[in-house]
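Inspection log for the structure reproduced underneath, given as structure tokens.
Take a look at the structure:
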């Protein structure tokens with residue numbers, strides 16, 4: 001068996017291959033026909049990969065239940081219930097609880113009642129939860145009542161559950177309403193009238209919401225396994241369906257109190273994450289929603305869960321750090337930034353830059369400077385770090401000298417990077433320092449190979465169009481043509497000035513000395529030559 | 001008849017309709033069957049529209065020749081020959097000359113000989129000129145020689161023509177070579193050997209060039225009428241074919257002396273302009289080629305011809321002005337700039353701007369300032385003029401105060417122009433003046449309607465990402481969402497921060513805190529919401 005596991009889900013496969021749905025279904029099917037001792041490791045492997053796959057959890061736990069492994073069953077339920085808000089799995093749970101407590105008399109009944117409450121607290125908002133509400137009512141009705149007082153208590157308990165069930169938009173809401181009517185009428189025709197007319201509008205509203213909610217729910221594929229987004233159309237459609245359902249719930253269509261509404265929203269997000277477990281945007285939206293609703297601590301916990309699900313997501317880490325920084329938890333934010341830095345060898349340039357900016361914001365100029373000096377020495381420090389630090393010094397500290405020095409120091413190392421040259425030129429342009437801009441272009445172009453210098457030449461020409469006279473403008477264009485013609489095979493004709501060059505020299509912003517049709521014509525011709 | 005003319009070519013039609021090729025062909029066909037007095041106005045109308053249509057000129061002149069209108073014939077030839085380097089038209093001309101001089105004896109023969117020389121000087125380089133060379137030789141041979149001396153002179157004249165013909169790449173080059181061999185052998189077997197072995201390699205080279213040239217020539221549609229480019233595929237193909245032929249001739253494939261090579265290049269350009277008469281790039285290339293070859297005066301004349309052909313082409317005017325300015329003819333350049341300004345009402349903003357820049361280059365700061373102060377008052381002066389003048393003051397005169405004042409003055413007039421706001425903000429960014437940038441954004445956003453302010457908000461957010469702290473960054477994004485949500489129908493969900501916003505806050509240059517796949521995913525989702 002283990003050879004099958006290796007073949008279909010082994011480490012030797014690429015990461016995306018790991019989440020092979022067909023292979024998973026084949027395995028789950030095979031496991032069903034094996035004795036539990038052989039099946040268990042297969043389920044464990046499947047559930048490591050698909051921790052929110054309620055259907056596998058159910059299959060797994062049922063296999064244990066079938067052979068009365070009560071301890072194992074309990075353990076599995078404790079691992080999966082709170083992350084898998086799925087009705088069939090939870091009904092399996094209540095079946096187990098009822099069986100386990102059947103012979104335990106009063107104490108057992110109390111345990112079962114608690115379990116029902118616990119369950120309805122978690123999944124009672126599900127559109128498919130109707131049968132559980134009914135089952136609970138039936139269970140409550142079946143409890144022995146030895147005195148009139150006990151009978152009255154039982155009746156009150158049943159009424160309370162009914163009154164919750166008939167304002168919950170489920171598939172069975174109409175039946176539950178009819179049952180409730182009968183129930184009240186059987187208790188007291190007189191009392192019934194008042195109660196029913198009080199609850200009728202609430203039920204009506206819940207039923208209307210049910211009908212709308214059903215449309216959204218029907219768009220969702222409840223059998224889908226949670227896999228990282230591959231960009232397929234089906235995935236996008238599912239993502240969209242979930243976003244719509246979430247937006248619907250967030251709108252509180254039933255106009256219930258905000259605590260109840262929030263509970264439904266949380267329930268929907270949690271269900272959503274069973275299927276879109278690998279979607280960072282859902283985690284982010286969920287956490288942000290909590291933060292906006294005032295539960296920043298819950299938002300923090302959600303980011304922690306999110307990073308367990310998607311440990312490689314840098315953007316979630318930045319989002320998390322931002323939340324911490326926003327609420328003044330600077331040390332927590334710093335720890336997250338440090339986790340982004342990781343070990344020195346694999347630190348990304350962006351992580352260096354964002355950490356420098358973070359330090360500048362939270363600890364000041366000196367801390368940022370110190371870190372920059374270290375980061376510079378990192379083997380994979382790219383020119384971006386120099387640009388970011390120089391611009392920070394210029395824009396925030398208004399220190400043009402340091403900024404200039406940083407650019408100059410970077411130039412020693414990144415003279416071969418045309419994009420660095422352009423950034424440096426931009427900086428000098430902000431200083432309005434044409435002498436140095438010209439010198440920079442000349443220095444760079446004397447060392448860059450022609451194929452790397454296309455953009456630098458282009459910028460040089462633009463620069464002369466703004467800062468130069470006609471002769472210097474024409475000269476740099478001619479030089480550009482000569483330098484670049486060495487790369488192409490266009491030969492002598494590429495050296496000639498074209499009318500398109502004239503157009504570019506005598507344009508300004510979005511104003512052109514010709515029609516857009518002429519422009520198209522000239523551009524098309526340029527590309528044909 | 002005139003009603004037909006009106007219908008098909010009248011002023012009431014749109015400009016492009018004017019160049020209706022089918023209508024022209026129908027008219028030309030009709031004219032052929034009318035008496036010359038009725039046909040003449042039709043031809044005149046056709047040739048006003050298609051002044052380089054050799055086939056219509058030929059038809060027109062032949063109609064006169066058929067009725068022996070010698071004066072009219074002469075007049076028409078004088079109007080068309082030099083602009084229409086087409087062999088059939090010129091053969092028609094030589095036929096006319098021969099007829100006219102037939103009965104005039106020696107004097108007539110001399111006239112005809114001059115006409116042949118004149119013709120071969122203009123169209124002798126044509127690939128189809130073989131028959132003319134032959135006809136000339138036949139004509140020369142037919143001249144009476146009354147003495148040995150005259151016979152010798154005749155022989156020398158014939159030889160000279162042969163020796164030109166056999167180094168010209170024409171369809172008849174091989175036949176001409178054979179004729180020449182026979183000719184020399186008939187004159188003197190002994191002399192022939194030396195002459196033929198001297199000319200054999202030149203002939204070989206010309207023949208090789210002929211074979212190549214033919215490939216280029218065959219791509220050209222010699223029946224095409226010159227119409228303004230409409231962007232059709234057929235036109236592009238013809239344009240390309242001409243560019244290839246021109247490039248071929250410019251390469252001097254026969255390695256002849258540069259005067260002869262230049263003559264062929266000029267001939268090819270002139271022929272090209274018969275068909276691509278409305279293509280500014282051809283006029284420009286031709287003029288530039290002359291300027292580069294040292295004939296700047298010819299280049300100037302070409303620009304004048306070009307502007308007769310395309311009086312509305314601003315880009316040709318700028319190119320012309322540039323040539324004059326480059327060679328120091330500042331007054332001529334100024335006249336061209338003034339022609340671009342036209343009357344005040346129709347002056348384009350770009351013409352104002354380019355004239356200010358020209359004045360700054362050639363007459364100095366004060367002249368430019370004066371013109372700017374006037375141009376400001378022009379009814380169609382747009383914000384571009386302010387931007388251009390301010391940037392000139394800043395970049396060239398290093399006068400940040402004037403630049404700032406100009407931007408500020410412009411703001412009073414162009415507060416409603418988001419693009420002006422962005423230019424002003426760019427300028428303040430160069431001054432590193434964040435207090436004023438922030439103030440500008442606030443001022444602008446308090447008066448711009450939401451649908452006009454999208455880009456301003458975007459730039460404001462980018463600005464805070466560089467200059468602000470985390471709180472100001474998040475605040476401006478929130479304000480942006482609130483302001484812009486009022487325009488769309490997205491409602492509350494558009495107000496929420498998205499993970500894409502996080503990604504944009506924590507990106508730097510081309511570094512992103514996520515994969516490009518993630519980016520696509522987030523972007524796609526953004527557009528779905």
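Residue numbers (full-length UniProt numbering), protein chains in the order written: chain A, 1 to 529; chain B, 1 to 529. For each residue, glycine too, the CB sits at the ideal point set by N, CA and C.
Taking only three categories from DSSP, how would you classify residue i?
i: residue 355 of chain A; result: helix
i: residue 427 of chain B; result: helix
i: residue 463 of chain A; result: helix
i: residue 299 of chain B; result: helix
i: residue 77 of chain A; result: helix
i: residue 373 of chain A; result: helix
i: residue 50 of chain A; result: coil
i: residue 448 of chain B; result: coil
i: residue 146 of chain B; result: coil
i: residue 511 of chain B; result: strand
Since residue i is in the alpha helix (DSSP H), which residue starts that stretch and which ends it?
i: residue 388 of chain A; result: 383-395
i: residue 119 of chain A; result: 105-123
i: residue 96 of chain B; result: 87-101
i: residue 64 of chain B; result: 54-66
i: residue 207 of chain A; result: 189-218
i: residue 134 of chain B; result: 130-142
i: residue 272 of chain A; result: 258-275
i: residue 501 of chain A; result: 499-505
i: residue 410 of chain A; result: 400-414
i: residue 242 of chain A; result: 233-250
i: residue 315 of chain A; result: 314-326
Output the distance between the C-alpha atoms of residue i and residue j, rounded to the nearest integer angstrom.
i: residue 61 of chain A; j: residue 463 of chain B; result: 56 angstroms
i: residue 375 of chain B; j: residue 358 of chain B; result: 14 angstroms
i: residue 170 of chain A; j: residue 259 of chain A; result: 19 angstroms
i: residue 181 of chain B; j: residue 192 of chain B; result: 7 angstroms
i: residue 139 of chain A; j: residue 20 of chain A; result: 42 angstroms
i: residue 93 of chain A; j: residue 252 of chain A; result: 30 angstroms
i: residue 409 of chain A; j: residue 402 of chain A; result: 10 angstroms
i: residue 174 of chain A; j: residue 44 of chain A; result: 41 angstroms
i: residue 79 of chain B; j: residue 48 of chain B; result: 12 angstroms
i: residue 300 of chain B; j: residue 95 of chain B; result: 35 angstroms
i: residue 524 of chain B; j: residue 197 of chain A; result: 49 angstroms
i: residue 73 of chain A; j: residue 101 of chain A; result: 15 angstroms
i: residue 237 of chain A; j: residue 28 of chain A; result: 26 angstroms
i: residue 489 of chain A; j: residue 479 of chain A; result: In this prediction, residue 489 of chain A has a pLDDT of 48, which is less than 50 and means its spatial position is unreliable; nothing more can be read from the coordinates.
i: residue 46 of chain B; j: residue 209 of chain B; result: 37 angstroms
i: residue 215 of chain A; j: residue 244 of chain A; result: 10 angstroms
i: residue 290 of chain B; j: residue 306 of chain B; result: 14 angstroms
In chain order, what residues of the same chain have a beta carbon less than 8 angstroms from the beta carbon of residue i, not counting five sequence neighbours either side?
i: residue 378 of chain A; result: 344, 347 and 352
i: residue 384 of chain A; result: 349, 350 and 353
i: residue 362 of chain A; result: 325, 330, 333 and 334
i: residue 405 of chain A; result: none
Tell me which residues share the same chain as residue i and place their Cβ nearer than 6 angstroms to its Cβ, disregarding the 5 neighbours each side in the sequence.
i: residue 584 of chain B; result: Residue numbering for chain B in the displayed model covers 1 to 529; residue 584 of chain B lies beyond these limits and cannot be assessed.
i: residue 449 of chain A; result: none
Leaving aside the five residues before and after residue i along the sequence, list all residues of the same chain whose C-beta is less than 7 angstroms from its C-beta, in chain order.
i: residue 465 of chain B; result: 473 and 505
i: residue 202 of chain A; result: 167
i: residue 399 of chain B; result: 393
Between residue i and residue j, how many whole angstroms is the CB-CB distance? I'm expecting something under 8 angstroms.
i: residue 422 of chain A; j: residue 451 of chain A; result: Their Cβ separation, rounded to whole angstroms, is 16 angstroms, which puts residue 422 of chain A and residue 451 of chain A out of contact at 8 angstroms.
i: residue 548 of chain A; j: residue 278 of chain A; result: This structure gives no information on residue 548 of chain A, because the portion of chain A shown stretches from 1 to 529.
i: residue 85 of chain A; j: residue 122 of chain A; result: 6 angstroms
i: residue 54 of chain B; j: residue 89 of chain B; result: 5 angstroms
i: residue 205 of chain A; j: residue 254 of chain A; result: 6 angstroms
i: residue 39 of chain B; j: residue 66 of chain B; result: Actually they are not in contact, since the Cβ atoms of residue 39 of chain B and residue 66 of chain B sit about 11 angstroms apart, beyond 8 angstroms.
i: residue 272 of chain A; j: residue 282 of chain A; result: 6 angstroms
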